[in-house]
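My numbering applies: residue 5 is where the sequence shown begins, and numbers increase by one.
Cβ coordinates follow ideal geometry from the N, Cα and C atoms, glycine included.
Model, not experiment: these values are computed from the prediction.
As structure tokens, the structure follows; a few thoughts come after it.
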Amino acid sequence: MQAATAPPRHDQATRLLHQRGATATPARVRVLQLLLAADAAMSHQSLQQAAAAGGHPFDKVTLYRVLDWLAGQGLVHSVAGHDRVRRFSLMNAHHAHAHFECGVCGRLFCLRGSLASASPELPPGFVSERVDITVHGRCAECAAAPSPAPDE
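Here it is in structure tokens:
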């Protein structure tokens, strides 16, 4: 006998969609579930692989459309890494925020905190629409790993 309750991430994903007055389609809910479970921003490819591994594969076009729609609704945002691959994560309360990109594993993390102090002074008549800041380094997992021995 199966449990009568839905998984918490399913409920949270559905609630996010309903808060926007949107239909909670299976594809939208599944993408949001994957992003809710992620510890870092996910590329289109990593989302597609995670969905397939979970038994709910997406075709590429459906996934692109869902991601575009979620971004248009302000539920997710994307940022490109040094490899120019766009990675997606849930939009958090800090709409303008910095990112951290690990130079070892390539994962991209959203950072908390305001960017108000990081906004440069603009010339007269200029209007800022957004500020993108990415901190580069090694994530905690990669920083804790032993460094490889130099080639001799």
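- In the structure shown, the three-state DSSP call for G141 is strand.
- Residue pairing by DSSP puts A84 in a beta bridge opposite R90.
- DSSP places S50 within a helical segment (H, G or I) once states are collapsed to three.
- Looking from the CA of G85, the closest CA among G59, H48, V131 belongs to H48.
- Contact between the segment 63-73 and the segment 128-144 is not established, with fewer than three Cβ pairs separated by less than 8 Å.
- Using a Cβ distance threshold of 8 Å, R69 and S82 do not count as a contacting pair.
- Taking 8 Å as the upper bound for CB-CB distance, F92 and M46 are in contact here, some 6 Å apart.
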